[in-house]
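Below is one structure, written out as structure tokens; comments come after it.
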Amino acid sequence: MAGPSGTGKRTLGGVLSSALVCSGRGEPPCGHCPDCRKAGAGVHPDVIRIGLDGKDISVSQIREIRADAYVRPNEAARKVYVLENAQTMNGSAQNALLKLLEDGPAYAAFLLLTDNAGNMLATVRSRCELLNLSPVTPAECREYLLTRFSTLPRERVLDAAGRCEGVLGRAVAWLEGGGEEEERIREAASRLASLLKDGGEGELLEYCVGLEKWDRDALSGLMDETVQQLRDGLLRGDAPGRSLRLIGHIQVLKEALSFHVGAGHIAGWLCAGAFAHV
Numbered sequence: 037m038a039g040p041s042g043t044g045k046r047t048l049g050g051v052l053s054s055a056l057v058c059s060g061r062g063e064p065p066c067g068h069c070p071d072c073r074k075a076g077a078g079v080h081p082d083v084i085r086i087g088l089d090g091k092d093i094s095v096s097q098i099r100e101i102r103a104d105a106y107v108r109p110n111e112a113a114r115k116v117y118v119l120e121n122a123q124t125m126n127g128s129a130q131n132a133l134l135k136l137l138e139d140g141p142a143y144a145a146f147l148l149l150t151d152n153a154g155n156m157l158a159t160v161r162s163r164c165e166l167l168n169l170s171p172v173t174p175a176e177c178r179e180y181l182l183t184r185f186s187t188l189p190r191e192r193v194l195d196a197a198g199r200c201e202g203v204l205g206r207a208v209a210w211l212e213g214g215g216e217e218e219e220r221i222r223e224a225a226s227r228l229a230s231l232l233k234d235g236g237e238g239e240l241l242e243y244c245v246g247l248e249k250w251d252r253d254a255l256s257g258l259m260d261e262t263v264q265q266l267r268d269g270l271l272r273g274d275a276p277g278r279s280l281r282l283i284g285h286i287q288v289l290k291e292a293l294s295f296h297v298g299a300g301h302i303a304g305w306l307c308a309g310a311f312a313h314v
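Residue 37 is where the sequence shown starts when you use the working numbering, and the numbers rise one by one after that.
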């Protein structure tokens, strides 16, 4: 499953995991059998999740999976391995996984969740069914958020819907967080947009150094919000040439972030590229 952070990979992975171990009647997942309930609660012994800590998935972890995969399921008819952030596997780890994808036991299923399928080896991709997840339409986003957050002020929900660019997970995080994270990103984006348009090199460099400490999801949200604020500036009459070049530059960096480029490199390129687009 491939798609930007917040497009529902983890949610869909959970549904598919439940379906694969479901022991109820009818269309899986039934949601009521012991296997579905355990999988939904994250305690099923036959649903193994790797990469939840955000660290790179190592070749040693893949070797452990290979050894474990040949141990028959404890309770369900199948064993499911969910690899979060699968793009963090290096070539050696992916090659080790490849052997399992090719020759693993029939009862073992593997769900690979990645921000960008292009960061996976072609040989690994060819052994998998690719499911691309993408942002939802503005109408779908508004409908979902207004239903889920019906107790929150309508204006606040619509504001989150308008700024999340169809990435439901991002809007949900903002709204569930009481608005603190959303406000932090918005203020940071306002400062960054101002520095990109009018700030000096020293000020921008100092600001970008601080971005090296941001995690990937927050940095992705910051870039989206900065692009939005630059677009808003165009509507207010900002010089189109520079603003459009800056928007293009940030969008290129956003794509690089999906290829697991580190925050430090992104921050450096953001600063260096900004003054190349004067």
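From the three backbone atoms N, C-alpha and C, an ideal C-beta is built for every residue, glycine too.
Pick helix, strand or coil for residue i, following the three-state DSSP scheme.
i: Asn131; result: helix
i: Ile93; result: coil
i: Val116; result: strand
i: Asn168; result: strand
i: Val83; result: strand
i: Ala144; result: strand
i: Val314; result: Low confidence applies here, because Val314 scores a pLDDT of 49, under 50, leaving its location unreliable and the question unanswered by this model.
i: Thr150; result: strand
To the nearest angstrom, how far is it from the Cα of residue i to the Cα of residue j?
i: Phe295; j: Pro65; result: 33 Å
i: Gly298; j: Leu231; result: 22 Å
i: Pro81; j: Ile93; result: 20 Å
i: His285; j: Val263; result: 10 Å
i: Glu261; j: Arg61; result: 46 Å
i: Glu165; j: Met37; result: 8 Å
i: Pro40; j: Pro109; result: 32 Å
i: Thr47; j: Ser256; result: 19 Å
i: Asp274; j: Arg227; result: 16 Å
i: Ala303; j: Lys290; result: 11 Å
i: Asp268; j: Leu194; result: 17 Å
i: Ile101; j: Ala129; result: 11 Å
i: Trp305; j: Glu237; result: 13 Å
i: Ala105; j: Ala308; result: 47 Å
i: Ala229; j: Ala113; result: 54 Å
i: Ser162; j: Arg192; result: 43 Å
i: Arg252; j: Asp71; result: 33 Å
i: Arg220; j: Ala197; result: 17 Å
On the criterion of 16 or more Cβ atoms from any shown chain inside 10 Å, does residue i qualify as buried, or is it exposed?
i: Val314; result: Low local confidence applies: a pLDDT of 49 at Val314 is under 50, so the model's placement there is unreliable, with the coordinate-based value given in what follows. Label assigned to Val314: exposed.
i: His301; result: exposed
i: Tyr243; result: buried
i: Leu211; result: buried
i: Leu56; result: buried
i: Lys45; result: buried
i: Gln287; result: exposed
i: Arg199; result: buried
i: Asn121; result: buried
i: Leu271; result: exposed
i: Gly49; result: buried
i: Asp83; result: Correcting the residue type first, residue 83 is Val in the shown sequence and not Asp. Buried, by the Cβ-count rule.
Hey, could you find the ends of the alpha helix (DSSP H) residue i is sitting in?
i: Ala209; result: Leu204 to Glu212
i: His285; result: Pro276 to Ser294
i: Thr173; result: No alpha helix (DSSP H) contains Thr173, which DSSP labels as neither H nor E.
i: Asp253; result: Arg252 to Leu271
i: Glu111; result: Taken as a continuous stretch (DSSP letters only), Glu111 belongs to no alpha helix (DSSP H), as it is neither H nor E.
i: Pro70; result: Pro70 to Ala77
i: Glu218; result: Glu216 to Asp234
i: Ser186; result: Note, Ser186: premise wrong, no alpha helix (DSSP H); not H, not E.
i: Tyr106; result: No alpha helix (DSSP H) contains Tyr106, which DSSP labels as neither H nor E.
Stretch pair the segment 151-158 + the segment 169-185: three plus CB contacts closer than 8 Å
Taking 8 Å as the limit for Cβ pairs, the verdict is that the segment 169-185 does not touch the segment 151-158.
Can we say the segment 113-121 touches the segment 142-150, given the rule of at least three CB pairs closer than 8 Å?
Short answer: they touch.
Three or more C-beta pairs closer than 8 Å, one from the segment 129-141 and one from the segment 275-282: is that the case here?
No, because fewer than three Cβ pairs between the segment 129-141 and the segment 275-282 fall closer than 8 Å, the two stretches do not touch.
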